[in-house]
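Report on the following structure.
Protein chains: 2
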Amino acid sequence: MSNIAYFPVRPSAEDNRPGKRERTKVANRQAILDAARAVFGELGYEAATVRDIIRRTGLASGTFYNYYKSKEEVFDALADDGARRFRPILRAESDRAVDFESFLRGAIRAYFDFLAAEHESWRINRPAGEVFPHARATPEIVAVFDEVRAAFAKVLAHDHAPAVDLDYFTAACIAVAREIGDKMLERRPVDVDGAADFAVRMILGGLPALPRP
Amino acid sequence: MSNIAYFPVRPSAEDNRPGKRERTKVANRQAILDAARAVFGELGYEAATVRDIIRRTGLASGTFYNYYKSKEEVFDALADDGARRFRPILRAESDRAVDFESFLRGAIRAYFDFLAAEHESWRINRPAGEVFPHARATPEIVAVFDEVRAAFAKVLAHDHAPAVDLDYFTAACIAVAREIGDKMLERRPVDVDGAADFAVRMILGGLPALPRP
DNA sequence: TGAAATCATGACGGGGCGTCATCCGCGCCT
DNA sequence: AGGCGCGGATGACGCCCCGTCATGATTTCA
Numbered sequence: 001m002s003n004i005a006y007f008p009v010r011p012s013a014e015d016n017r018p019g020k021r022e023r024t025k026v027a028n029r030q031a032i033l034d035a036a037r038a039v040f041g042e043l044g045y046e047a048a049t050v051r052d053i054i055r056r057t058g059l060a061s062g063t064f065y066n067y068y069k070s071k072e073e074v075f076d077a078l079a080d081d082g083a084r085r086f087r088p089i090l091r092a093e094s095d096r097a098v099d100f101e102s103f104l105r106g107a108i109r110a111y112f113d114f115l116a117a118e119h120e121s122w123r124i125n126r127p128a129g130e131v132f133p134h135a136r137a138t139p140e141i142v143a144v145f146d147e148v149r150a151a152f153a154k155v156l157a158h159d160h161a162p163a164v165d166l167d168y169f170t171a172a173c174i175a176v177a178r179e180i181g182d183k184m185l186e187r188r189p190v191d192v193d194g195a196a197d198f199a200v201r202m203i204l205g206g207l208p209a210l211p212r213p
Numbered sequence: 001m002s003n004i005a006y007f008p009v010r011p012s013a014e015d016n017r018p019g020k021r022e023r024t025k026v027a028n029r030q031a032i033l034d035a036a037r038a039v040f041g042e043l044g045y046e047a048a049t050v051r052d053i054i055r056r057t058g059l060a061s062g063t064f065y066n067y068y069k070s071k072e073e074v075f076d077a078l079a080d081d082g083a084r085r086f087r088p089i090l091r092a093e094s095d096r097a098v099d100f101e102s103f104l105r106g107a108i109r110a111y112f113d114f115l116a117a118e119h120e121s122w123r124i125n126r127p128a129g130e131v132f133p134h135a136r137a138t139p140e141i142v143a144v145f146d147e148v149r150a151a152f153a154k155v156l157a158h159d160h161a162p163a164v165d166l167d168y169f170t171a172a173c174i175a176v177a178r179e180i181g182d183k184m185l186e187r188r189p190v191d192v193d194g195a196a197d198f199a200v201r202m203i204l205g206g207l208p209a210l211p212r213p
């Protein structure tokens, strides 16, 4: 049995979980992410300190740096995580959509629902005037933008709609969605339907008026 | 002549400039602002350090803190300065405008011109992915937003346009202007006319489609 | 079981932060 | 003119955060 790959003996015979090294690694990474989310939520990004995050995990300072290089990097990981969870939702809307209107309505609705759901875990006690997750251009967030543009292109072509400046148009749509989404979260009660309706109508009305390059 | 207010003798008899104390005060404040602009331009906001700014002024560290409490506060002062310079331009557009379209076109054109002009003094060598002046809600910037909303209200009423959700609408318009403005600056050559046309048409088209509360 | 790989640990040097006791020179009075 | 008082410039200081690295503990694997 010398040429057979070796696996360590585990308490249970069928236990083929990864080894302990691997498990503590993911546990640590997760602990850091959780601590960071809590700290950013309580102190805000600017005020938060790598040490604050480290203290909350109970790990040694050196350990933190085995996983992330800086506060910025943890934050990006958190933002990336959000974008990664949103991406399949957006993809589903793109696949289902047959025309621009249905796609736009579905995507914005999905985004606002997502925002409202995430709201609780982020807006806790956050200092005013701060810039947050959406603002950074992490790889995963860039991917979401690209996907939106691609979906726009696909769906507009399907509609036989005249060409527009896709970069400007995508940027403008995302800007509207972000801003209306933010304002929506500040109102009580939070009215996802109303906000989505507003954003969709504004974009839908604007589209046919756009200059044709 | 005992009850006559005393003024120190100046080299020239008609020299009624403020005293040296006052002059060095404004000079220091200005020096800090200039140094900060340069440092933020070179290093970006995140990487910049209060010490970097101090070093560039040649002042002592304690002196800096006689004028501003933190890096954030200098930055806000810079942002406020921009907003303060833009405000009269916006005001002029508002006064001149007779309907929504003319106001919107004038205001966006003015904003984009302003952006392009400021571009040089800000974008120098700035690290990618950073959030900048527009993002912070300084008093003067908030005032600009309020002014935009007020102008919208005035001009829409003048048009006998049906009521809209002014907060959402203002926010959406500013978001579009910001985003298109940003994208405009990234293109070569910078095409203010094209960008302004795009933004204006998009908003103008969207307006009549909006839900009426 | 023992050697090697892996990784958590926390002390450390470096440096930025904001303060404060000190001192200087301008403004003001006689 | 001469001197005094005070606004404000100064920079050393103590504090804390930063990122690193030599060390040691634990896991992996033959």
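Order-wise, the sequence lines are chains A and B. For the first sequence, the working numbering begins at 1 and goes up steadily by one. For the second sequence, the working numbering begins at 1 and goes up steadily by one. We treat Cβ as the ideally placed atom computed from N, Cα and C, and that holds for glycine. Values in this document were obtained by computation on a predicted structure and should not be read as measured data.
Original post:
Excluding sequence positions up to five away, which residues of its chain have a Cβ less than 8 Å from the Cβ of residue 99 of chain B?
Top reply: 155, 158, 159
*asked:* The alpha helix (DSSP H) that contains residue 214 of chain A, what's its start and end?
replied: Limits of chain A in this structure are 1 at one end and 213 at the other, which puts residue 214 of chain A out of reach.
Item to check | Short CB-CB distance (under 8 Å) between residue 168 of chain A and chain B | outcome: Answer yes: the Cβ-Cβ gap between residue 168 of chain A and chain B drops below 8 Å somewhere.
Note to self: In this structure, how does DSSP classify residue 58 of chain B when only helix, strand and coil are distinguished?
What the structure shows: DSSP, read as helix, strand or coil, puts residue 58 of chain B in coil.
What number of angstroms, rounded off, separates the C-alpha of residue 168 of chain A from the C-alpha of residue 101 of chain B? 20 Å
Touching by the beta-carbon criterion (3+ pairs, under 8 Å), the stretch 161 to 178 of chain B and the stretch 182 to 196 of chain A = Yes, the stretch 161 to 178 of chain B is in contact with the stretch 182 to 196 of chain A.
*asked:* I believe residue 136 of chain A touches residue 76 of chain A by the beta-carbon criterion, under 8 Å. Please report the beta-carbon distance rounded to the nearest angstrom.
replied: 6 Å
Comparing C-alpha positions only, which one of A/177, A/63, A/78 sits nearest to residue 194 of chain A? With respect to the C-alpha of residue 194 of chain A, the residue from A/177, A/63, A/78 having the closest C-alpha is A/177.
I'd like to check one pair, residue 205 of chain A with residue 208 of chain B: are the Cβ atoms closer than 8 Å?
yes
* Along chain A, which residues have their Cβ under 8 Å away from the Cβ of residue 51 of chain B? -> In chain order: nothing, as chain A lies at least about 18 Å away.
Check your understanding: If you drop the 5 nearest sequence neighbours on each side, which residues of the same chain put their C-beta closer than 7 Å to that of residue 57 of chain B?
Key -> 31, 32, 35
query: Does the stretch 63 to 72 of chain A come close enough to the stretch 45 to 52 of chain A to have 3 or more Cβ pairs within less than 8 Å?
result: With a cut-off of 8 Å, the stretch 45 to 52 of chain A and the stretch 63 to 72 of chain A count as touching, because enough Cβ pairs lie within range.
Cutoff 6 Å; reference residue 7 of chain A; Cβ partners in own chain excluding five residues on either side: Bear in mind that the predicted position of residue 7 of chain A carries a pLDDT of just 40, short of 50, making it unreliable; the figure below should be weighed with that in mind. Around residue 7 of chain A: no qualifying Cβ.
Practice prompt. Return yes when the Cβ of residue 115 of chain B is within less than 8 Å of the Cβ of residue 200 of chain B, no when it is not.
Written response: With respect to residue 115 of chain B, residue 200 of chain B sits apart: the two C-beta atoms are not nearer than 8 Å.
### Query
In whole angstroms, what is the alpha-carbon distance linking residue 163 of chain A and residue 153 of chain A?
9 Å
Kindly list the residues whose CB is nearer than 7 Å to the CB of residue 63 of chain B, restricted to its own chain and excluding five residues on each side of it in sequence; keep chain order.
28
Taking the beta carbon of residue 142 of chain A as the centre, do at least 16 other beta carbons fall within 10 Å, making it buried, or is it exposed? exposed
Q) By the criterion of Cβ-Cβ separation under 7 Å, what are the contact partners of residue 171 of chain A in chain B? A) 179, 180, 183
- Can you pull the chain B residues whose beta carbon is under 7 Å from the beta carbon of residue 198 of chain A, in chain order? 165, 168, 210, 211
Original post:
Which stretch, first to last residue, makes up the alpha helix (DSSP H) that contains residue 192 of chain B?
Top reply: 192 to 206
Just how far apart, CA to CA, sit residue 60 of chain B and residue 67 of chain B?
12 Å
Next on the checklist: If the criterion is Cβ atoms closer than 8 Å, does the pair residue 92 of chain B and residue 140 of chain B meet it?
Outcome noted: no
With 8 Å as the threshold, decide whether the Cβ of residue 176 of chain A is near any Cβ in chain B.
-> yes
#### Entry: Extent of the continuous alpha helix (DSSP H) run through residue 170 of chain A
Start and end: 166 to 186.
Item to check | Collapsed DSSP secondary structure at residue 68 of chain A in the structure displayed | outcome: Annotated three-state conformation of residue 68 of chain A is coil, per DSSP.
Secondary structure at residue 63 of chain A, three-state DSSP: helix, strand or coil? helix
For residue 53 of chain A, which residues of its own chain have a beta-carbon under 8 Å away from its beta-carbon, when the five flanking residues on both sides are left out? Once the five neighbours on either side are set aside, the close Cβ partners of residue 53 of chain A are 32, 35, 36, 39, 64, 71, 74.
Amino acids of chain A, ordered along the chain, whose beta-carbon sits closer than 8 Å to that of residue 105 of chain B:
Per Cβ cutoff of 8 Å: no residues; residue 105 of chain B is ~13 Å from chain A at best.
Indicate whether at least one CB of chain A lies closer than 8 Å to the CB of residue 203 of chain B. yes
CB contact below 8 Å: residue 206 of chain A versus chain B: yes
- Query: Quick one: Cα of residue 118 of chain B to Cα of residue 149 of chain A, how far?
  - Reply: 29 Å
Inset, instruction - Under 8 Å by Cβ, that's how I've got residue 196 of chain B and residue 112 of chain B pegged, so tell me the actual separation to the nearest angstrom. - result: 5 Å
**Q.** Buried or exposed (CB count within 10 angstroms, at least 16 for buried), residue 133 of chain B
**A.** Because the pLDDT of residue 133 of chain B is 48, which lies under 50, any placement of that residue in the model is unreliable, and the number read from its coordinates should be weighed accordingly. It is buried - the Cβ of residue 133 of chain B has at least 16 other Cβ atoms within 10 Å.
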